[in-house]
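If you're matching positions, the sequence shown starts at 32 in my numbering and goes up one per residue.
Backbone N, C-alpha and C define an ideal beta-carbon position, used for all residues, glycine too.
Since the model is a prediction, treat every value here as computed from it, not as a measurement.
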Amino acid sequence: MEATASTVSLNTEDDLDDYTPAKLVKTLEKNGITAGDIKKLQDAGYYTVESVAYATRKDLLTIKGISEAKADKLQQEASKMVMMGFKSATEVHQTRANIVYITTGSKELDKLLGGGIETGSITEIFGEFRSGKSQLCHTLAVNCQLPISMGGAEGKCLYIDTENTFRPERLIAAAEKYKINGQSVLDNVACARAFNTDHQTKLLLLASAMMTEARYALLIVDSATGLYRTDYTGRGELSARQVHLGRFLRMLLRLADEHGIAVVITNQVVAQVDGAASMFGGDQKKPIGGHILAHSSTTRLYLRKGRGETRICKVYDSPCLPESEATFAINPDGIGDVKE
32 MEATASTVSL NTEDDLDDYT PAKLVKTLEK NGITAGDIKK LQDAGYYTVE
82 SVAYATRKDL LTIKGISEAK ADKLQQEASK MVMMGFKSAT EVHQTRANIV
132 YITTGSKELD KLLGGGIETG SITEIFGEFR SGKSQLCHTL AVNCQLPISM
182 GGAEGKCLYI DTENTFRPER LIAAAEKYKI NGQSVLDNVA CARAFNTDHQ
232 TKLLLLASAM MTEARYALLI VDSATGLYRT DYTGRGELSA RQVHLGRFLR
282 MLLRLADEHG IAVVITNQVV AQVDGAASMF GGDQKKPIGG HILAHSSTTR
332 LYLRKGRGET RICKVYDSPC LPESEATFAI NPDGIGDVKE
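Dropping the structure here:
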């Protein structure tokens, strides 16, 4: 939805307590956990009660200074504050009815996705070079800041760039579409360049801390798999690569669960070598990452080139969206609909 007013006011500085569903880990002090132990949790990357509740006993025991007795106490107290049991289908339905969707900038693409990019889950976008993955990410980094009435989520964006493709100029161009102040948009996007897979994972710990201090609506990783292809080479390292990737994806899912943010990751494609696709006339390309990535992503979108600046998006996998396609355009001001 495009702006109709002369200027759109961004509202990303509201009271954090009214926005984030997560409970800060310091609230465990009320349940008898010492300030010293809370500091140990924070140093290890546990900034919310949810992160402690979701952690395994084995994970907590790896924290320096946390004994078996303390780990049991932490899990016991955290579980009292976090709903981890059964809910009725009615409750789940009511929760899903309140999910916020971030507009892609294209009405046709939003329609395909049931409203836009879903918050609280992981959306994977894969395709060949120049299929529009990074352009869509840049557009979403702006759109997530819009008021909810305009298809936004009224929050800031965290952007992890692994391939040096982040360009602030794209954000300013996309902001002009909604008549938003470009400097305000840039101030609401925090970008970090990841240099290897370990660094990429450490950035998620930093992101978790930042989400407890400000109102974030979107986390982008462009791309989630690129560094794994260079850090782990050959079949001999395939198992280690998948274990590391699985840990990274699990951290992403935890952030989506704890903070209710939308997580968008991009992925690359490779040619299928078994010949089955060509035999049956199907697409001979598939996303990399294997089953671990396939099972971690809630929604998987396949982008491919059309004519000129036209792109086609196909719902590759989703728990609720039908397998269908939509056409959109890459415009100077970001993603939009194809002009007749």
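With distances taken between CB atoms, is the gap from residue i to residue j smaller than 7 Å?
{"i": "G22", "j": "L280", "result": "Any property of residue 22 remains undetermined from this structure, which presents the chain solely from 32 to 371."}
{"i": "T330", "j": "S254", "result": "no"}
{"i": "T261", "j": "G320", "result": "no"}
{"i": "E207", "j": "D364", "result": "yes"}
{"i": "K187", "j": "N219", "result": "yes"}
{"i": "L332", "j": "I156", "result": "yes"}
{"i": "E108", "j": "L72", "result": "no"}
{"i": "G76", "j": "L236", "result": "yes"}
{"i": "I191", "j": "V294", "result": "no"}
{"i": "T170", "j": "I292", "result": "no"}
{"i": "K57", "j": "D368", "result": "no"}
{"i": "E356", "j": "I343", "result": "yes"}
{"i": "Y78", "j": "T243", "result": "yes"}
{"i": "A120", "j": "H290", "result": "no"}
{"i": "T297", "j": "K164", "result": "yes"}
For the alpha helix (DSSP H) holding residue i, just list the boundary residues, first then last.
{"i": "G257", "result": "G257 to D262"}
{"i": "A86", "result": "First-last for A86: undefined, no H or E at that position."}
{"i": "V131", "result": "Unbroken run through V131: none, as it is neither H nor E."}
{"i": "C168", "result": "K164 to N174"}
{"i": "R285", "result": "L269 to H290"}
{"i": "R104", "result": "Checking the sequence, you will find Lys at residue 104 rather than Arg. Start and end: E99 to M112."}
{"i": "G67", "result": "A66 to D74"}
{"i": "L334", "result": "Here L334 belongs to no alpha helix (DSSP H); instead the beta strand (DSSP E) covers T330 to K336."}
{"i": "K345", "result": "Segment T341 to D348 is the beta strand (DSSP E) holding K345; no alpha helix (DSSP H) there."}
{"i": "K54", "result": "That residue, K54, is in no alpha helix (DSSP H); it is neither H nor E in DSSP."}
{"i": "K138", "result": "K138 to L143"}
{"i": "I323", "result": "G321 to S327"}
Please identify the residue among the options whose C-alpha is closest to the C-alpha of residue i.
{"i": "K316", "options": "R338, Q299 and S328", "result": "Q299"}
{"i": "I361", "options": "E354, P353, S355 and K370", "result": "K370"}
{"i": "E358", "options": "V80, K57, C222 and D141", "result": "In the sequence as presented, Glu is not what sits at residue 358; that position holds Thr. When only C-alpha atoms are compared, the closest one is D141."}
{"i": "G63", "options": "L105, L234, I97 and H169", "result": "L105"}
{"i": "R224", "options": "A204, F197 and V216", "result": "F197"}
{"i": "G145", "options": "S349, D368 and G367", "result": "S349"}
{"i": "A84", "options": "L55, L235, R278 and L237", "result": "L55"}
{"i": "K95", "options": "V131, I69, G116 and E81", "result": "I69"}
{"i": "A172", "options": "A75, L92, S327 and G183", "result": "G183"}
{"i": "I179", "options": "C168, T134 and K210", "result": "T134"}
{"i": "L250", "options": "G267, V123, H275 and M282", "result": "M282"}
{"i": "L276", "options": "V252, L324 and M181", "result": "L324"}
{"i": "K210", "options": "M181, A248, A120 and S328", "result": "M181"}
{"i": "C168", "options": "E139, C222 and K138", "result": "C222"}
{"i": "L286", "options": "A302, A238 and L269", "result": "A238"}
{"i": "H322", "options": "E289, Q273 and L284", "result": "Q273"}
{"i": "L352", "options": "T87, E149 and T65", "result": "E149"}
{"i": "L284", "options": "R338, V252, F226 and A302", "result": "V252"}
{"i": "A66", "options": "R88, I97 and A86", "result": "I97"}
{"i": "A271", "options": "T341, A204, F160 and D229", "result": "D229"}
{"i": "D74", "options": "R278, R338, K233 and G267", "result": "K233"}
{"i": "R278", "options": "E340, Q166, R88 and S327", "result": "S327"}
{"i": "T341", "options": "R88, T87 and Q166", "result": "Q166"}
{"i": "D288", "options": "A204, A302 and G151", "result": "G151"}
Could you check how far apart the C-beta atoms of residue i and residue j are, in whole angstroms? I think they sit under 8 Å.
{"i": "L202", "j": "M241", "result": "With 8 Å as the limit, L202 and M241 do not qualify as a contact, their Cβ atoms being about 18 Å apart."}
{"i": "Q231", "j": "L258", "result": "6 Å"}
{"i": "L41", "j": "Q125", "result": "Contact flag wrong, Cβ pair sits at about 29 Å."}
{"i": "L92", "j": "A100", "result": "In fact, because the Cβ distance is near 11 Å, the residues do not count as touching under 8 Å."}
{"i": "V80", "j": "V113", "result": "6 Å"}
{"i": "Y132", "j": "G147", "result": "4 Å"}
{"i": "K372", "j": "S162", "result": "For residue 372 there is no data in the structure shown, the boundaries of the chain being 32 and 371."}
{"i": "A128", "j": "E185", "result": "Not confirmed; about 18 Å, so no contact."}
{"i": "N174", "j": "G136", "result": "6 Å"}
Could you give the residue range of the beta strand (DSSP E) that holds residue i?
{"i": "I153", "result": "I153 to G158"}
{"i": "K317", "result": "K316 to P318"}
{"i": "E356", "result": "E356 to N362"}
{"i": "D192", "result": "K187 to D192"}
{"i": "I366", "result": "G365 to G367"}
{"i": "I296", "result": "A293 to N298"}
Next item on the list: Identify every run of the alpha helix (DSSP H) within the stretch 208-251, keeping only runs that are complete inside it and at least 4 residues long; order them along the chain.
Entry: Qualifying alpha helix (DSSP H) stretches, in chain order: 213-218 and 228-242.
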